[in-house]
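Q: Using numbering that gives the first Met the number 0, the final residue of the sequence shown is 237, and nothing's skipped along the way. Backbone N, C-alpha and C define an ideal beta-carbon position, used for all residues, glycine too. Quick one: the structure is below, questions incoming.
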Amino acid sequence: MRATPARSLLAPLLVLGSLVASAGPADAGSREPTTEIVDSTGQDGLTGALTFDDGPDPANTPRLLDLLLAQGHTAVFCLWGEHARRYPDLVRRIVADGHVLCNHSMNHQDLGTWTPDQIRADLLNTNAAIRAAVPQADIRYFCAPYGSWGQTPAVAAELGMQPLGWRLAVGDWEPPGTDELVRRLLEGITPGAVVLLHDGGGDRGQTVDAVARVVPELRAAGWRFTLPARPGSRHVES
Ligand SMILES: [Zn+2]
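Put into structure tokens, the structure is as follows:
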């Protein structure tokens, strides 16, 4: 999978990739994935990256997409293959709106003790489910369910996906109330943080409401929302 194809084969793939993924400045840098678990924007200053896990979800993903469109920034969506299969229209809309895709396994089992062959089969199934909705979809990241990485980083990199982690999680999988989520986000965010949120796996209405409030407040304080760092782009950090 990682052997370098002939240039004549590679060029059209790169063109396609850049068309699908023209999402922002974080696209600069090499596209070759590594086993490193990326958890930051790789940029100095007040930047953050939002990831939304466990969707797509018919109740909250459309609301969230409307909100992100209105706020004018892109995010990463870490999809269950099972949900992608059930809601292909939502996968198409996520891509059409310019967001970035992440493989979050077929149905969110703990992969921490799985063998590379078992992991590979699940991740390939998940990608197939996503690509049944969006053929040629650029699935740039893999995020391990429960952060239980085990041997998944090497398999993800081999399949062309960068492991994606986070620096801030706010427990929105046990919704504590929108006010509390807002407080946890405002107090917890640090420069460069990838922030883990959820648009699926249960009722995540509070998460969408919290993003609606937090992003404008942080922007007014000088923050900018971007994508996680691409491998290679981190080397420019000092
Ligand atoms: Zn998850």
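Counting only the same chain and skipping the five closest in sequence on each side, list residues whose C-beta sits under 6 Å from that of Leu-63.
A: So the list reads Asp-198, Val-207, once near-sequence residues are dropped.
Q: Bridge partners for Ser-104 per DSSP, in chain order?
A: BP columns for Ser-104 are empty, so no partner.
Q: Just verifying my parser: in three-state terms, what is the DSSP assignment at Ala-20?
A: Residue placement at Ala-20 is poorly supported in this model, since its pLDDT is 41, which falls under 50; the coordinates still yield a value, given next. Looking at Ala-20 - three-state DSSP - the assignment turns out to be coil, as it is neither helix nor strand.
Q: Distance, Cα to Cα, Phe-51 vs Leu-67?
A: C-alpha separation (whole angstroms): 12 Å.
Q: From the DSSP output, in three-state form, read off Gln-161 for me.
A: Residue state, collapsed to three classes: strand.
Q: Looking at the unbroken alpha helix (DSSP H) that takes in Leu-78, where does it start and where does it end?
A: No alpha helix (DSSP H) contains Leu-78, which is instead part of the beta strand (DSSP E) from 75-78.
Q: Output needed for Gly-23: all residues of its chain with C-beta closer than 7 Å, excluding positions within five of it in sequence on either side, in chain order.
A: Any answer about Gly-23 is weak, because its pLDDT of 40 lies below 50 and its placement is not dependable; what the coordinates show is given next. Around Gly-23: Thr-73, Thr-225, Leu-226.
Q: Which residue from Arg-130, Cys-142, Gly-149 puts its Cα closest to that of Trp-113?
A: Here the closest residue by C-alpha is Gly-149.
Q: So the candidates are Val-90, Pro-152, Ile-36; which of them puts its Cα closest to the Cα of Ala-127?
A: Nearest option by C-alpha distance: Val-90.
Q: Could you tell me if Ala-27 is buried or exposed, where buried requires 16 or more neighbouring beta carbons within 10 angstroms of its beta carbon?
A: Caution is warranted here: a pLDDT of 41 is assigned to Ala-27, below 50, making its placement in the model unreliable, and no coordinate value can be reported.
Q: Go to Thr-225, then tell me how far its alpha helix (DSSP H) extends in each direction, as first and last residue.
A: Thr-225 -> not in any alpha helix (DSSP H); beta strand (DSSP E) instead, spanning 223-225.
Q: Taking the straight line between their C-alpha atoms, what separation do you get for Leu-163 and Cys-142?
A: Those two C-alpha atoms are separated by around 5 Å.
Q: Suppose you measure from the CA of Ala-192 to the CA of Ala-48; what does that come to, to the nearest Å?
A: Distance between the alpha carbons of Ala-192 and Ala-48: 6 Å.
Q: Based on the DSSP secondary-structure assignment, which residues constitute the bridge partners of Asp-52?
A: According to DSSP, which records beta bridges pairwise, Asp-52 is partnered with Cys-77, His-197.
Q: What does the Cβ neighbour count give for Asp-202, buried or exposed, with the cut at 16 atoms within 10 Å?
A: Per the 10 Å Cβ criterion, exposed.
Q: Should Gly-164 be listed as close to ligand 1, given that the test is whether its C-beta is under 7 Å from any heavy atom?
A: Gly-164: no, Cβ never under 7 Å from ligand 1.
Q: Below 6 Å CB to CB, which residues in the same chain sit around Gln-205 once its five sequence neighbours on both sides are set aside?
A: Within the same chain, Gln-205 has close Cβ partners Pro-174, Thr-177, Leu-180.
Q: Does any residue of chain D bring its CB to less than 8 Å from the CB of Gln-117?
A: Absent here is chain D; the protein component of the structure consists of one chain.
Q: Cα separation between Gly-97 and Leu-195?
A: Whole-angstrom Cα-Cα distance: 19 Å.
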